[in-house]
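A.B. asks: Got a structure for you, questions after.
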Amino acid sequence: MELHGKNLIGIGTADGGDYSFKSYNPSVGMEMDPVFTGATESDVDTSLSLAASAFDVYRRKSASDRADFLERIAAEIEALGEDLIHRCMAESGLPEARLLGERGRTVGQIRMFAALVRDGSWVDARIDHALLDRAPLPKPDVRLMLMPMGPVVVFGASNFPLAFSVAGGDTASALAAGCPVVVKAHRSHAGTAEMVGRAIQKAVSDSGMPDGVFSLLHGQGRVVGTALVKHPLTRAVGFTGSLKGGRELFDVASSRPSPIPVYAEMGSLNPVFVLPGALRERGDQFAEGLCQSVNLGVGQFCTNPGLVLGLDGDDLDSVKGKLEGLFSDSPNATMLNPGIREAYDAGIAAVQSSAGVTLVARASAEADPQKTQAAAHVFSTDVETFLNTEQLAHEVFGPSTLMVGCRSKEDMEKVARGLEGHLTATIHGTEKDLAEFSDLVTILENKVGRLIFNGFPTGVEVCASMHHGGPYPASTDGRSTSVGTAAIFRFTRLMCYQGFPQSALPRELQDDNPLKIWRLVDGEYSQG
């Protein structure tokens with residue numbers, strides 16, 4: 159596919175305005191053709207006006223039609239073949255194997271939402287029949303279901319150029335719910351975004367979907383992104399990125415004359431608590447797993463384990479010794495872009511210069527700035543230093559972690575109580591440890607969205623039971639997830655019908671249940 163660098167508005171294109179840029183190959187330190195043009199204010203308005211017009215048609219499409227559309231998107235992305243993978247490798251510095259897996263995850267989650275839509279029970283239909291002879295007052299016929307909200311703005315993430323980008327989970331779940339989508343492409347992988355966007359355009363045309371159900375815009379985040387969130391026709395926002403970026407969008411959305419929800423996932427430290435039984439029985443195995451998790455994807459995962467807590471003693475010292483060798487042997491690798499690498503270097507410098515912090519190990523080879531490389535680091539400190547140094551509780555986005563030695567179970571609990579919201583927390587231990595540290599588990603339940611036992615937080619399974627979110631500042635709404643089928647609920651609202659005749663009700667709420675979905679009818683779940 160020959161890239162043109164234009165904005166995709168509905169099934170057409172737009173040249174954009176004066177702002178232009180090229181994407182960058184971080185592995186070799188060079189810009190790449192073509193020139194991409196940023197969207198204008200008029201392009202923003204046109205894309206959302208088209209989306210609003212498409213909404214009334216698209217939301218009335220049958221579940222089968224929407225499912226077919228999603229499956230066509232997945233097929234069109236696969237049809238891009240190795241061209242997509244090669245462009246993505248060049249723009250992200252990520253290896254082929256990683257991107258093949260990410261493409262599989264991307265199309266897999268699209269098909270997962272297609273299956274959810276085709277089944278139809280996700281609308282959570284509820285029916286309470288009238289009781290006209292109830293005393294002292296009759297009970298009316300009341301029916302409830304989830305409905306799509308309207309046009310959704312999605313921001314592509316830097317660290318997942320496929321799975322959290324143009325056709326990622328936010329887009330897939332919004333389209334599944336019945337909402338048109340306008341994507342703000344991430345400039346780090348603009349060419350990848352165009353290829354996937356054009357695949358979606360083709361699926362729109364081939365599936366007979368309304369023009370405007372999908373658009374893709376390039377440009378500066380603080381200009382185009384802000385304009386998209388402020389636009390009066392936007393009904394919700396999906397974002398994966400930094401705390402600063404997510405909070406800015408949240409504040410913009412909250413200050414609108416009609417505020418809208420921003421579902422922003424903004425990363426976290428993802429603390430790991432290694433309990434005495436695990437240290438004693440499998441310390442070396444824990445160290446190996448931790449090193450692999452920290453280095454996975456050059457540490458550029460929002461679930462990177464950036465904080466490790468254990469009880470001081472010989473067993474914890476043994477783990478540190480094992481980590482010294484493992485991290486020294488860690489290969490340097492290319493980060494996503496120079497800005498991320500510069501932020502990583504600054505974060506490492508801030509940790510290393512903190513009083514009471516020691517360097518346990520770092521990758522022995524020097525990182526090559528021309529290749530945008532980063533070196534893995536592991537640091538160590540004591541619990542008093544951690545509790546009294548605010549900087550140490552901030553995420554360093556990249557391949558590093560900080561080990562904190564605690565004197566007692568109470569120290570661990572004190573640290574846990576002081577944590578802000580995080581996406582995950584991990585506990586390594588035995589069943590006996592879990593019983594002894596049950597209060598720690600209770601504390602962590604109020605701090606994170608996902609608790610992991612004897613595993614590592616990197617590797618987020620895409621399934622119905624997954625929750626990828628957490629209390630602020632991990633996300634702007636800890637009740638929602640950006641991964642798994644429950645992600646669809648972010649872009650819906652409740653709609654109640656009272657006293658309507660059968661002929662005027664949505665099919666999901668009609669008495670004869672023509673769609674054969676699961677419903678709560680007079681207090682009992684049934685497909686009848």
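So the sequence shown is numbered by the working numbering: it starts at 159 and just counts up by one. Ideal Cβ placement from N, Cα and C applies to all residues, glycine included. Note that the structure is a prediction, hence the values are computed from the model and not measured.
(1) Residues in its own chain within less than 8 Å of Thr584 by CB, not counting five upstream and five downstream?
(2) Between the region 235–250 and the region 301–310, do three or more beta carbon pairs fall short of 8 Å?
(3) Using 8 Å for Cβ pairs, my map puts Ser281 next to Arg224. What's the rounded Cβ distance?
(4) Quick check on the burial criterion: 16 or more other C-beta atoms within 10 angstroms. Buried or exposed for Pro557?
(5) Since Cys654 sits in a beta bridge, which residues does DSSP pair it with?
(6) Rounded to a whole number of angstroms, what is the C-alpha to C-alpha distance between Pro417 and Ala330?
(7) Smallest Cα separation from Thr539: which of Ala521, Ala525, Lys572 and Val509?
(8) Grab the span of the beta strand (DSSP E) containing Asp540 for me, first residue to last.
(9) Identify, in the order they occur along the chain, each residue of the same chain with its Cβ nearer than 7 Å to the Cβ of Leu620, setting aside the five sequence neighbours on each side.
(10) Leu208: which of Glu234, Gly308, Val599 and Gly259 sits nearest, CA to CA?
(11) What does the Cβ neighbour count give for Tyr216, buried or exposed, with the cut at 16 atoms within 10 Å?
(12) Can you name, in chain order, every residue of its own chain whose Cβ lies under 7 Å from the Cβ of Arg665, other than the five neighbours on each side?
(13) Is the beta carbon of Leu375 closer than 8 Å to that of Lys342?
(14) Give me, in chain order, the residues of the same chain whose beta-carbon lies closer than 8 Å to that of Asp526; leave out the 5 immediate sequence neighbours on both sides.
(15) Just checking: is the beta-carbon of Ile498 within a distance shorter than 8 Å of some beta-carbon in chain C?
(16) With H, G and I counted as helix, E and B as strand and the rest as coil, what does DSSP make of Gly468?
(17) With which residues is Gly563 paired in a DSSP beta bridge?
(18) Which residue's Cα is closest to the Cα of Thr398: Gly628, Pro338 and Ile601?
(19) Pro192 lies in the beta strand (DSSP E); which residues open and close that run?
(20) Expressed to the nearest angstrom, what Euclidean distance is found between the alpha-carbon atoms of Glu260 and His626?
(21) Classify Ala293: buried if its beta carbon has 16 or more other beta carbons within 10 angstroms, exposed otherwise.
(22) Taking Cβ to Cβ, would you say Ala348 is nearer than 8 Å to Phe194?
(23) Per DSSP, Gln531 forms a beta bridge with which residues?
(24) Should the region 459–477 be regarded as contacting the region 433–447, the criterion being three or more beta carbon pairs within less than 8 Å?
(25) Considering only residues of the region 184–261, which uninterrupted alpha helix (DSSP H) runs meet the minimum length of 4 residues and lie entirely inside it, listed in chain order?
(26) Grab me the residues of Gln549's own chain with a C-beta within less than 8 Å of its C-beta, minus the 5 sequence neighbours each way, in chain order.
(27) Just to confirm, are Ala283 and Arg677 a CB contact at a threshold of 8 Å?
(28) With a Cβ-Cβ cutoff of 8 Å, do Ala335 and Thr650 count as a contact?
(29) According to DSSP, which residues form a beta bridge with Pro429?
(30) Taking the alpha-carbon positions, what's the Phe485 to Leu467 distance?
(31) Taking Leu407 as part of the beta strand (DSSP E), name the residues at either end of that continuous run.
(32) Just to confirm my understanding: we take Phe459, look at its own chain, exclude 5 residues before and 5 after, and list those with CB closer than 6 Å. What are they?
(33) Can you give the Cα-Cα distance for Ala734 and Asp680, rounded to whole angstroms?
C.D. replies: To lay it out plainly:
(1) Counted from its first residue, the sequence shown places residue 584 at position 426. The residues are Asn428, Pro429, Val430, Phe431, Pro463, Leu609, Ile610, Phe611, Gly613, Phe614 and Pro615.
(2) no
(3) Translated into positions along the sequence shown, residue 281 becomes position 123. Translated into positions along the sequence shown, residue 224 becomes position 66. In the sequence as presented, Ser is not what sits at residue 281; that position holds Val. Incorrect: roughly 12 Å between the Cβ atoms, too far for contact.
(4) Mapped onto the sequence shown, residue 557 falls at position 399. Pro557 comes out buried.
(5) Here residue 654 refers to the residue found at position 496 when the sequence shown is read from its first residue. Leu302, per the DSSP bridge assignment.
(6) On the sequence shown, residue 417 is found 259 positions in, with the first residue counted as 1. On the sequence shown, residue 330 is found 172 positions in, with the first residue counted as 1. Their backbone Cα atoms lie some 23 Å apart in a straight line.
(7) Walking along the sequence shown from the start, residue 539 turns up at place 381. It is Val509.
(8) In the sequence shown, counting from the first residue as 1, residue 540 sits at position 382. His535 to Asp540 is the span of the beta strand (DSSP E), which, as asked, contains Asp540.
(9) Working through the sequence shown from its first residue, we reach residue 620 at position 462. According to the sequence provided, residue 620 is Val. The question's Leu does not apply to it. Cβ within range, chain order: Arg263, Gly266, Gln267, Met270, Val641 and Gly642.
(10) Residue numbering aside, residue 208 sits at position 50 when the sequence shown is read from its first letter. Checking every option, the nearest Cα to that of Leu208 belongs to Gly308.
(11) As a position in the sequence shown, residue 216 is number 58, starting the count at 1. Tyr216 is buried by the Cβ-count criterion.
(12) Translated into the one-based positions of the sequence shown, residue 665 becomes position 507. Result list for Arg665: Pro672 and Leu673, in chain order.
(13) For the purposes of this step, residue 342 is taken as residue 184 along the sequence shown, with counting starting at 1. For the purposes of this step, residue 375 is taken as residue 217 along the sequence shown, with counting starting at 1. It is a contact, given that the beta carbons lie within the stated cut-off.
(14) Here the question's residue 526 lines up with position 368 in the sequence shown. Excluding positions up to five away in sequence, the list reads Asn490.
(15) In summary, chain C is missing from the structure at hand, where a single protein chain is found.
(16) As a first step, residue 468 is located in the sequence shown; it is residue number 310 there, counting from the start. If DSSP states are grouped into helix, strand and coil, Gly468 belongs with the strands.
(17) As a working note, residue 563 is residue 405 in the sequence shown. Answer is Gly468 and Asp540, bridged to Gly563.
(18) Residue mapping note: residue 398 aligns to position 240 of the sequence shown, counting from 1. Out of Gly628, Pro338 and Ile601, Gly628 has the C-alpha closest to the C-alpha of Thr398.
(19) Position 34 of the sequence shown, counted from the start, is the residue given in the question as residue 192. Segment Met188 to Thr195, the beta strand (DSSP E) holding Pro192.
(20) Against the sequence shown, residue 260 aligns to sequence position 102. Against the sequence shown, residue 626 aligns to sequence position 468. Rounded to whole angstroms, Glu260 to His626 spans 17 Å at the Cα level.
(21) Against the sequence shown, residue 293 aligns to sequence position 135. The residue is exposed, with fewer than 16 neighbouring Cβ atoms inside 10 Å.
(22) The residue given as residue 348 occupies position 190 in the sequence shown. The residue given as residue 194 occupies position 36 in the sequence shown. Yes, the Cβ-Cβ distance between Ala348 and Phe194 is below 8 Å.
(23) As a working note, residue 531 is residue 373 in the sequence shown. For Gln531, which the question treats as bridged, DSSP gives the partners Thr492.
(24) yes
(25) 199–216, 221–237 and 239–250
(26) By 1-based counting over the sequence shown, the position of residue 549 is 391. Closer than 8 Å at the Cβ level, and outside the excluded window around Gln549, lie Ala508, Val509 and Ser512.
(27) Taking the sequence shown and counting its residues from 1, one reaches residue 283 at position 125. Taking the sequence shown and counting its residues from 1, one reaches residue 677 at position 519. Yes, the pair counts as a contact, with Cβ atoms nearer than the cut-off.
(28) By one-based count along the sequence shown, residue 335 stands at place 177. By one-based count along the sequence shown, residue 650 stands at place 492. Yes. Within cutoff.
(29) As a working note, residue 429 is residue 271 in the sequence shown. According to DSSP, which records beta bridges pairwise, Pro429 is partnered with Leu465.
(30) As a position in the sequence shown, residue 485 is number 327, starting the count at 1. As a position in the sequence shown, residue 467 is number 309, starting the count at 1. When rounded, the distance between both Cα atoms is 18 Å.
(31) Along the sequence shown, one-based indexing puts residue 407 at 249. Where Leu407 is concerned, there is no enclosing beta strand (DSSP E), although the alpha helix (DSSP H) it sits in stretches over Leu401 to Ser412.
(32) In the sequence shown, residue 459 corresponds to position 301, counting from 1. Closer than 6 Å at the Cβ level, and outside the excluded window around Phe459, lie Thr616.
(33) Absent from the structure is residue 734, since the part of the chain shown begins at 159 and ends at 686.
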